[in-house]
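*Asks:*
Residue numbers (the numbering used here): 11 to 227.
1. Considering only the alpha carbon of each residue, which of 159, 214 and 72 lies closest to residue 101?
2. Return yes when the Cβ of residue 161 is within less than 8 Å of the Cβ of residue 33, no when it is not.
3. Quick test of the definition: if touching needs 3 or more C-beta pairs under 8 Å, does the region 153-170 touch the region 25-39?
4. Nearest to residue 133 by alpha carbon, out of 113, 213 and 79?
5. Does the beta-carbon distance from residue 135 to residue 155 come in below 8 Å?
6. Using a Cβ-Cβ cut-off of 7 Å (strictly less than) and excluding sequence neighbours within five positions of residue 55, which residues of its own chain qualify?
7. For the beta strand (DSSP E) containing residue 63, list its first residue and its last residue.
8. Between the alpha carbons of residue 192 and residue 121, how many angstroms are there, rounded?
9. Please work out which residues of its chain come closer than 7 Å, Cβ to Cβ, to residue 149, disregarding the five sequence neighbours upstream and downstream, and give them in chain order.
10. Pull up the distance between the alpha-carbon of residue 224 and that of residue 128, whole angstroms please.
11. Give me whichever residues DSSP pairs with residue 140 in a beta bridge.
12. Can you check DSSP and say which residues form a bridge with residue 123?
13. Less than 8 Å between the CB atoms is what I'm expecting for residue 65 and residue 123, so what's the real figure, rounded?
14. Just to confirm, is the Cβ distance from residue 98 to residue 81 under 8 Å?
15. Return the first residue and the last residue of the alpha helix (DSSP H) that residue 73 is part of.
16. Write down every uninterrupted run of the alpha helix (DSSP H) in the region 168-219 whose length is 4 residues or greater and which is fully enclosed by it, in chain order.
17. Inspect the beta-carbon positions of residue 205 and residue 22 and report whether they are closer than 8 Å.
18. For residue 47, is the classification buried or exposed, using 16 other Cβ atoms within 10 angstroms of its Cβ as the cut-off for buried?
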């Protein structure tokens, strides 16, 4: 299926660059594979880290600040995420989480300091959902994304979600997506003078994934 990845360099000729892979997965199957690769997740979050649902305006402020700071620092992972309009919608979404019957947004703490946030976008009765992970610099590279993934997958299973979809260019999420057997359903592209990533950035990941609609071998 790697032939699809070989097309990515051709986009540059038209001034169009890949900015994320669009992925799909089934919660139960992904949760099972995640557990197989990381048996330790059954014990919950490792000390001194604690993940809990968003509860207060302080939580919302901290979560939005993390997203603004990290996407301002690394816009290649989401050029629009740190924009005022998008952050306003994010704040509204997190405030809704404070009153929700089921959790859909969480913060990650270490010694009382909020260092990350993750959330689930799902409406009651819908069969599909999407997720988001946002870690500040002190959390990055600590191998904690798998615990957030497990929490989100468990919530999706509880809600009887059949599939989850979304785009990402984050290496940690791409790695988990490969391990969980998610399928690449497309490539998000954007016209820009400067590519957000090297032309070979996505190819190694795509060659490890099942590609929806790939040419038979």
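The beta-carbon is built from N, C-alpha and C at its ideal position, and this holds for glycine as well.
A quick note: this is a predicted structure, and the numbers were derived from the prediction, not measured.
*Replies:* Straight from the coordinates:
1. When the alpha-carbon of residue 101 is set against those of 159, 214 and 72, the nearest one is in 72.
2. no
3. Output reads yes: the region 25-39 touches the region 153-170.
4. 113
5. no
6. 61 and 157
7. 59-63
8. 34 Å
9. 118, 125 and 126
10. Legend: pLDDT at residue 224 = 46, less than 50; position of this residue unreliable, value from coordinates given subsequently. Taking the straight line joining both Cα atoms gives about 31 Å.
11. 131
12. 120
13. Going by Cβ atoms, the distance from residue 65 to residue 123 rounds to 16 Å, so no, they are not a contact pair.
14. no
15. 67-83
16. 181-190 and 213-216
17. Taking C-beta atoms as the reference points, residue 205 and residue 22 count as a pair closer than 8 Å.
18. exposed
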